[in-house]
Structure formats: structure tokens, C-alpha cells
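Residue numbers (my numbering): 683 to 840. Here's the structure we're looking at; comments come further down.
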């Protein structure tokens with residue numbers, strides 16, 4: 683049924699559950715996997731020191747805070763790549779063709795663009811359960827993908 687499955691990995695603990703779901707589908711359908719992590723400033727809440735904004739940015743530019751932030755951001759990117767490589771290796775060990783990509787940008791848009799350009803049949807991703815006022819204010823990556831994806835989308839609730 684599916685030939686190419688896009689697995690959106692966000693680096694959270696539940697990314698492993700999302701991956702497992704996609705791997706099971708790939709095995710059943712003899713499909714390949716494309717693992718994707720979109721690295722974005724939206725994920726800065728995962729860093730111990732948040733990125734300075736506004737006037738704080740200019741004050742931080744003259745301090746060690748910006749240097750610390752850059753180091754943390756680089757470490758986060760490296761950890762995410764390590765996760766992608768690990769999951770890709772696991773897929774291959776289980777007989778599934780897999781590749782990984784890490785790209786910068788807005789997660790919802792980049793997931794949809796990647797799916798379109800890669801002829802993906804299915805997107806498997808997590809859903810954090812953001813709704814109501816929070817979703818209105820900060821948006822929801824999963825909601826964006828559901829409404830803009832060029833293919834089927836499977837949400838694995840986190």
C-alpha cells in the first residue's frame with residue numbers, strides 16, 4: 683500500500699514510539715523510510731538557556747550568554763543527528779531501506795515540503811495534544827501538517 687514513509691522525529695522521548703509505528707508499517711508494506719528532523723528555534727525550549735530576543739539579544743551579544751547558547755544549539759543539532767543515524771541503522775538492520783535528513787526551518791511547512799518533493803505516501807508523526815487557546819497562540823505542527831500535507835498522515839498521540 684505505502685512505498686515511502688516519512689517519519690517526523692522531534693527529538694522527544696516519544697519519537698521512539700512514532701518511529702516504531704512507522705517501522706511496523708514499513709515492514710508490513712515493504713516500504714522505505716525517510717526520517718526527518720526539522721531543527722528550529724521553536725525547539726529552543728529544549729535548551730537550558732533560551733535564545734535571547736529583542737533588546738536582550740543585543741545585551742547578550744556582548745556577553746558569554748550568546749556563546750553558551752550557540753554551543754548548546756550545536757550540541758542539540760548533533761544529538762538530533764545521532765538519533766536519526768541510530769534509528770536509520772535500526773531500520774536497515776531490520777531489513778527496511780531508510781535514509782535520514784535534518785533541515786532547518788518551520789517544522790510544519792518543512793515536513794509538508796519534504797513530503798511533496800520526496801513523493802512520500804504517508805507521514806507518521808506525533809501529536810502533543812496542544813489544543814484550545816495554546817494551539818491558537820502558538821500553533822500546532824501536527825495541525826498544520828494535517829491541513830497541508832500532500833499525502834496521508836498518521837498521528838501517533840504522545
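Glycine included, each C-beta is placed from N, C-alpha and C at the ideal position.
DSSP three-state assignment for residue i, whether helix, strand or coil
i	result
residue 790	helix
residue 773	helix
residue 802	coil
residue 685	coil
residue 795	helix
residue 695	coil
residue 824	helix
residue 708	helix
Among the options, nearest to residue i - alpha-carbon criterion
i	options	result
residue 778	717, 833, 788	717
residue 761	695, 747, 708	695
residue 706	764, 806, 794, 827	806
residue 776	683, 692, 693, 701	701
residue 683	793, 708, 697	708
residue 791	692, 768, 826, 770	826
residue 795	704, 836, 830	830
Outcome for residue i when other beta-carbon atoms lying within 10 angstroms are tallied against a minimum of 16
i	result
residue 745	exposed
residue 764	exposed
residue 809	buried
residue 774	exposed
Cutoff 8 Å: residue i Cβ touching any chain C Cβ
i	result
residue 765	Note that chain C does not occur in the displayed structure, where there is just one protein chain.
With contact counted as at least three CB pairs below 8 Å, one residue from each stretch, are the region 697 to 713 and the region 781 to 796 in contact?
These segments do not touch.
Count the CB pairs spanning the region 802 to 810 and the region 688 to 699 that are closer than 8 Å, and state whether there are at least three.
Yes, they touch.
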